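For the sequence shown, the working numbering begins at -4 and goes up steadily by one. Beta carbons: idealized from backbone N, C-alpha and C, even for Gly. Only a predicted model underlies this, so the values are computations on that prediction, with no experimental measurement involved. Working notes, structure below.
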Amino acid sequence: MVKFDNVTKRYGALTVLDSLNLEIAPNEKVAIIGPSGSGKTTVLRMLMTLERINDGVIYVDGEPLTHMHKNGELVPADEKHLRRVRGNIGMVFQHFNLFPHMTALKNCMEAPVHVLGLSKKEAEERAAELLDMVGLADKKNHYPNQLSGGQQQRVAIARALAMRPKVMLFDEVTSALDPELVGEVLNVIRKLGKEHNLTMLMVTHQMGFAKEFADRVCFFYGGKIAEQGTPEEIFNNPKEERTRQFLSAVLEAG
């Protein structure tokens, strides 16, 4: 469903991702862990085309995202191609990024109407259904400033789902929340994983959740995948010294 083929991202002299090769199967749930600055969030930002890559190709659902076919060659994608392929991907950010002047319902209707061309009625029905799914049916007419952080993040999840993506990206979605609100957002993500055919990539510091939820854990260090495996392999029997150091530091702090 997602493939990084020798993808490199540089900022000037700094290489943030170094020849990354990563394949994610349809419906696979992958947790990305690692220290700050290891390139974790850059992976998601490149998939959302918020960052241009320097080398390599990213594929989504068998089609190049960052490039397109032209006269028998792969050339860098134009804006129209990026928009079309990116339509398969939804992202939920660390900070909720909701439109403050719109209700929860309107936040979830905006893109389906303007991007997918849904009628207002259809978009409203879809938005109401998704808000119900994330447990916020009774808050659909509330504005973001009337909602708790956990509720705002659940609206953000519903809004991303309203576009019917095949791939969902979660970037540290609980890190801006008070500890007691973390559980309600993780419960929604659990529910999504069980009830929907979604491929999910999650950058997270919630090691317990990664261990329980992910099919595969990738430990990033220095712009590369230093180690990957099942949660049992990574958390219970890491092979790399750097993985062991990171996990012992994070689990002690937790």
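C-beta atoms of D50 and V80 nearer than 9 Å: Within the sequence shown, residue 50 is the residue found at index 55, counting from 1. Within the sequence shown, residue 80 is the residue found at index 85, counting from 1. For the 9 Å CB-CB criterion, D50 and V80 do not form a contact.
DSSP three-state assignment for D210, whether helix, strand or coil: Counting from 1 along the sequence shown, the entry for residue 210 is found at position 215. Looking at D210 - three-state DSSP - the assignment turns out to be coil, as it is neither helix nor strand.
Option nearest H90 by Cα separation, candidates G218, K219, F165, F241: Against the sequence shown, residue 90 aligns to sequence position 95. Selected option, being the one with the closest Cα: F165.
For K24: DSSP bridge partner residues: Translated into positions along the sequence shown, residue 24 becomes position 29. DSSP, once it has assigned bridges, lists M195 as partnering K24.
For E236, the nearest candidate out of Y216, F208, E247 (CA to CA): As a first step, residue 236 must be located in the sequence shown, where it is residue number 241. The residue with the shortest Cα to Cα distance from E236 is Y216.
Start and end residues, beta strand (DSSP E) containing M128: Counting from 1 along the sequence shown, the entry for residue 128 is found at position 133. First-last for M128: 115 to 128, but that is the alpha helix (DSSP H), not the beta strand (DSSP E).
Whether R239 touches T225 by CB criterion (9 Å): Looking up residue 239 in the sequence shown gives position 244. Looking up residue 225 in the sequence shown gives position 230. No, they are not a contact pair.
Sequence-distant residues of its chain with Cβ nearer than 8 Å to A20 (five each side left out): Taking the sequence shown and counting its residues from 1, one reaches residue 20 at position 25. Close CB contacts of A20 within its chain, under the 8 Å cut and outside five residues either way in sequence, are with M(-4), T194 (chain order).
Beta-carbon proximity check, F241 vs K206, cutoff 9 Å: As a first step, residue 241 must be located in the sequence shown, where it is residue number 246. As a first step, residue 206 must be located in the sequence shown, where it is residue number 211. The answer is no: Cβ separation not under 9 Å.
Distance, A122 Cα to L111 Cα: Counted from its first residue, the sequence shown places residue 111 at position 116. Counted from its first residue, the sequence shown places residue 122 at position 127. When rounded, the distance between both Cα atoms is 13 Å.
The alpha helix (DSSP H) enclosing R252, as first and last residue numbers: With the chain represented from -4 up to 249, any question about residue 252 goes unanswered, as that position is not in the structure.
Closest Cα partner of T10 within the set E227, T37, G218: Position 15 of the sequence shown holds residue 10. Just measuring C-alpha positions, the residue of E227, T37, G218 sitting nearest T10 is G218.
Whole-angstrom distance between A171 and N102, CA atom to CA atom: By one-based count along the sequence shown, residue 102 stands at place 107. By one-based count along the sequence shown, residue 171 stands at place 176. Going by the C-alpha atoms only, they are around 20 Å apart.
Residue environment, L93, which counts as buried when at least 16 other CB atoms sit within 10 Å: In the sequence shown, residue 93 corresponds to position 98, counting from 1. Result: buried.
Among V245, V87, L12, the one whose alpha carbon lies nearest that of R154: Translated into positions along the sequence shown, residue 154 becomes position 159. Among V245, V87, L12, the Cα nearest to that of R154 is on V87.
K4 versus L17 - alpha carbon distance: For the purposes of this step, residue 4 is taken as the residue at position 9 of the sequence shown. For the purposes of this step, residue 17 is taken as the residue at position 22 of the sequence shown. K4 and L17: Cα-Cα distance of roughly 14 Å.
Integer-rounded CB distance, given that L42 should sit under 8 Å from I53: For the purposes of this step, residue 53 is taken as the residue at position 58 of the sequence shown. For the purposes of this step, residue 42 is taken as the residue at position 47 of the sequence shown. With 8 Å as the limit, I53 and L42 qualify as a contact, their Cβ atoms being about 7 Å apart.
Beta carbon of Q281 nearer than 9 Å to that of K134: In the structure as shown, the chain starts at -4 and stops at 249, and residue 281 therefore has no counterpart that could be examined.
Helix, strand or coil at L200 according to DSSP, with G and I counted as helix: Here the question's residue 200 lines up with position 205 in the sequence shown. Reading off the sequence shown, one finds His at residue 200, where the question assumed Leu. Note: H200 maps to coil in three-state DSSP.
R5: first and last residue of the uninterrupted beta strand (DSSP E) it sits in: The residue you call residue 5 lines up with position 10 of the sequence shown. Run containing R5: -3 to 6, per the beta strand (DSSP E) assignment.
Supposed contact pair V245 and M202 - C-beta distance, whole angstroms, cut 8 Å: On the sequence shown, residue 202 is found 207 positions in, with the first residue counted as 1. On the sequence shown, residue 245 is found 250 positions in, with the first residue counted as 1. The pair is a contact, with the Cβ atoms about 6 Å apart (cut-off 8 Å).
Sequence-distant residues of its chain with Cβ nearer than 6 Å to H200 (five each side left out): By 1-based counting over the sequence shown, the position of residue 200 is 205. Excluding positions up to five away in sequence, the list is empty.
Proximity below 9 Å, CB of M163 to CB of G82: Counting from 1 along the sequence shown, the entry for residue 163 is found at position 168. Counting from 1 along the sequence shown, the entry for residue 82 is found at position 87. In this structure, G82 does not lie closer than 9 Å to M163 by Cβ.
Span of the beta strand (DSSP E) around K219: Reading the sequence shown from its first residue, position 224 is the one you call residue 219. From DSSP, the beta strand (DSSP E) with K219 extends over 219 to 224.
Identity of the residue in K234, N182, A72 nearest V129 by Cα: Here residue 129 refers to the residue found at position 134 of the sequence shown. Selected option, being the one with the closest Cα: N182.
Given S14 as reference, the closest of K24, K(-2), N22, H76 once Cα atoms are compared: On the sequence shown, position 19 is the one that residue 14 refers to. Comparing Cα positions, the closest option is K(-2).
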